[in-house]
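Step one of this worksheet: look at the structure below.
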Amino acid sequence: MRDTSLVWSLLRAMFSYDYTLAECEVERSEDQNQQELSNSLARLSVKACSRLAGSPDSPSSCMELFSRLLTPHLARELVNDNADQLLKLLTSNVRTPTLIWNNTTRAQLTEILETNLANNSNATVPLSVRYASHTDELVVGGVFIRVYNEMPSHQIEDSKTFVLDLLSYLKSVGDPSVCDKSTVDDIVINRFCPSLH
1 MRDTSLVWSL LRAMFSYDYT LAECEVERSE DQNQQELSNS LARLSVKACS RLAGSPDSPS
61 SCMELFSRLL TPHLARELVN DNADQLLKLL TSNVRTPTLI WNNTTRAQLT EILETNLANN
121 SNATVPLSVR YASHTDELVV GGVFIRVYNE MPSHQIEDSK TFVLDLLSYL KSVGDPSVCD
181 KSTVDDIVIN RFCPSLH
């Protein structure tokens, strides 16, 4: 991706969103309320980023950048048509098996955005962002394993892929026989699809 300066500005605008204003039932207008204007700008920024990201079937290089900066879960939310939901996630503290997002992660991302905006830079695209809140977490297939163990009933979007990623991880750190064909079939059918018997 050649010109990232637009992305920095769009992402920065999203953090001015206030979901409490969006959820309140008071009538208001952009002309009279600065926060309402900021919320509208944040929604438009999500829409622009969504277009830059491309479709799930053919993601653009921007989608890769959004995955690195926002986490894969939040980047996938970009292509959904619910800007308010994404903006609420971005400006809230969230802890689920697929997303750990809090004041620390927001501060780190804001620092990256501000640095790049101040430098008016297209060149400083981080290859990866390792958030301090994610440092001690084991992440397999986009799932924070410790949090998943604490919340096992949490719905995983693509559970089949997650199970395969988990088995692949187990194979890489342990006994290679964990992922032979018959073992995978047994685990998937007997444990995750008991209704097939």
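Going by the UniProt record's numbering, the first residue of the sequence shown is number 1, and it counts up by one from there. Glycine included, C-beta positions come from ideal geometry on N, C-alpha and C. Predicted model only: the values in this text are computed from it and were never measured.
Three-state class that DSSP yields for residue i in the structure shown
| i | result |
| --- | --- |
| T135 | coil |
| F15 | coil |
| S195 | Residue placement at S195 is poorly supported in this model, since its pLDDT is 43, which falls under 50; the coordinates still yield a value, given next. Correct three-state label for S195: helix. |
| P56 | coil |
| V140 | strand |
Rounded separation between residue i and residue j - CA only
| i | j | result |
| --- | --- | --- |
| V163 | P152 | 13 Å |
| K88 | N82 | 10 Å |
| T96 | R106 | 16 Å |
| D57 | A132 | 31 Å |
| V139 | R130 | 12 Å |
| E157 | H73 | 10 Å |
| G174 | S168 | 10 Å |
Proximal residues to residue i (C-beta, below 6 Å), its chain only, five neighbours per side dropped
| i | result |
| --- | --- |
| W8 | L113, N116, L117 |
| C49 | L10, L78 |
Same chain, Cβ closer than 8 Å to residue i, neighbours up to 5 away in sequence not counted
| i | result |
| --- | --- |
| Q85 | E77 |
| E137 | I100, F144, I145, R146, V147 |
For residue i, the first and last residue of its enclosing beta strand (DSSP E)
| i | result |
| --- | --- |
| R95 | 94–96 |
Span of the alpha helix (DSSP H), counted from its first residue to its last, around residue i
| i | result |
| --- | --- |
| I145 | 145–150 |
| I156 | Premise fails: I156 is in no alpha helix (DSSP H) and is neither H nor E. |
Own chain partners of residue i with C-beta closer than 7 Å, once the 5 adjacent residues on each side are dropped
| i | result |
| --- | --- |
| M14 | A42, S45, V46, L87, L90 |
Query raised in the report: Does the stretch 14–23 come close enough to the stretch 32–49 to have 3 or more Cβ pairs within less than 8 Å?
Result: yes
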